[in-house]
Amino acid sequence: MAKPVQGDRRKYGISVMMCMNAGGWMDWFLLVVLAVGLSLAMAASWVVQRMTGRSGWIDTIWSFAVSIGGVTASVFANGAFGRRMTILVIVAAWALRLGSHIGKRTKGADEEDPRYAKLMEAWGDSAGWRLFLFLQVQALAAFILVLAIYLAAANDEAFPGGQDFLAMFIALAALAGETISDEQLSRFRKEPQAKTEVCEVGFWRYSRHPNYFFEWLFWCCWPAFAVSTSLSSLLSLLAPALMYWLLVHVSGIPPLEEHMLHSRGDKFRALQRRVNAFFPGPRKTQSRLSGE
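Everything in the sequence shown is counted per the working numbering, starting at 36 for the first residue and increasing by one.
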């Protein structure tokens with residue numbers, strides 16, 4: 036047999052390295068495409084808001100953009116096929132539920148979303164371009180969430196495993212809980228007293244924002260799907276951490292509760308004293324409040 040010359044060895048080594056790295060290069064390319072797509076989607080949401088004056092469409096577009104990113108990631112990632120298809124169905128169900136709910140609420144709303152209205156008022160004449168930058172920050176947050184979905188879909192360990200069943204349980208419980216919470220609030224808003232009273236029906240008796248809690252819980256399913264022997268899979272933990280920070284400390288509870296304090300006053304202050312803000316828990320009775 037002829038002995039390979041040095042040049043042939045070099046070519047052979049390069050070809051092997053290219054084959055080994057092809058998946059890695061494809062993954063990086065996919066992540067770049069996802070990041071650019073999310074940025075463009077939020078730019079489009081800015082255009083829609085400026086044309087309609089309704090900021091609720093921003094959240095609708097954001098939900099579907101995250102969904103499209105998550106579905107794309109589950110299709111093109113290199114993980115176990117069964118896990119990827121399960122993830123695809125879960126992401127699609129989440130987006131259809133949340134996006135349609137927010138879109139329906141925005142279409143029938145009589146006034147602007149109080150969170151965005153406060154921002155626009157504070158920004159004054161510079162509201163246009165500052166909103167655009169703010170939405171690009173939302174695109175970055177969306178990418179972190181989609182990254183968690185991608186890492187879950189890239190997990191190539193045998194499917195289904197114990198972690199997968201845990202992840203599916205968390206996802207289903209979260210979707211069911213958020214759907215029920217939104218329906219309970221929707222029914223309450225149709226009552227005559229809704230304009231002056233606070234909602235304390237169903238899940239709302241045990242958390243002031245059960246819909247936010249279940250939304251956060253949903254993002255906890257991705258680390259359960261993703262975490263493996265690969266250290267990079269730990270990045271999936273960023274999704275629930277980011278969602279908790281946003282909902283509890285930034286764009287969720289703080290502006291909404293400020294609005295509720297302004298519109299409901301002492302009734303909402305009383306609710307704050309007896310019901311947990313985020314995590315569902317026992318209601319505080321008058322005797323417990325007096326003992327604090």
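Where is the CB? At the ideal position from N, CA and C, for every residue including glycine.
At the C-beta level, residue 77 and residue 100 come within 8 Å of one another. Rounded to the nearest angstrom, the Cβ distance from residue 81 to residue 102 is 19 Å, too far for a contact under 8 Å.
The alpha-carbon of residue 92 is positioned some 11 Å away from that of residue 136.
Straight across, the Cα-Cα distance linking residue 163 with residue 83 is about 12 Å.
Rounded to whole angstroms, the gap between the alpha carbons of residue 223 and residue 245 is 14 Å. Within the same chain, 115, 117 and 118 come within 7 Å of residue 194 by CB-CB distance, once the 5 residues on both sides are set aside. The beta carbons of residue 247 and residue 313 sit closer together than 8 Å. In this structure, DSSP gives residue 244 a state outside helix and strand, which the three-state scheme calls coil. In the assembly as shown, residue 104 is a buried residue. Its beta-carbon has 16 or more other beta-carbons within 10 Å. Rounded to the nearest angstrom, the gap between the Cα atoms of residue 221 and residue 180 is 27 Å. When the Cα atoms are used, residue 260 and residue 166 turn out to be separated by approximately 34 Å. Where residue 101 is concerned, the enclosing alpha helix (DSSP H) starts and stops at 91–111. DSSP, reduced to helix, strand and coil, places residue 114 outside both helices and strands of the structure shown, so it counts as coil. The three-state reading of DSSP puts residue 313 in coil, since its state is none of H, G, I, E or B.
In this structure, the beta-carbon distance from residue 218 to residue 250 does not fall below 8 Å. Here residue 63 is exposed: its Cβ has fewer than 16 other Cβ atoms, across all protein chains shown, within 10 Å. A distance below 8 Å between beta-carbons, with the five flanking residues on each side excluded, links residue 170 to the following residues of its chain, in chain order: 77, 78, 80, 81 and 93. Each of 227, 241, 274 and 268 was checked against the Cα of residue 188, and the nearest Cα belongs to 268. Nearest neighbour of residue 263 by Cα position, chosen from 113, 127, 206 and 190, turns out to be 190. In the three-state reduction of the DSSP assignment, residue 193 falls in the coil class, being assigned neither a helical nor a strand state. Taken in chain order, the whole alpha helix (DSSP H) runs of length 4 or more contained in the stretch 142–226 are 149–158, 162–189 and 197–224. Considering only 233, 151 and 184, the residue with the shortest C-alpha distance to residue 90 is 151. In the DSSP assignment, residue 292 falls within the unbroken alpha helix (DSSP H) covering 288–299. Here DSSP, grouped into helix, strand and coil, assigns residue 250 to helix. Here the alpha carbon of residue 231 sits roughly 15 Å from the alpha carbon of residue 292.
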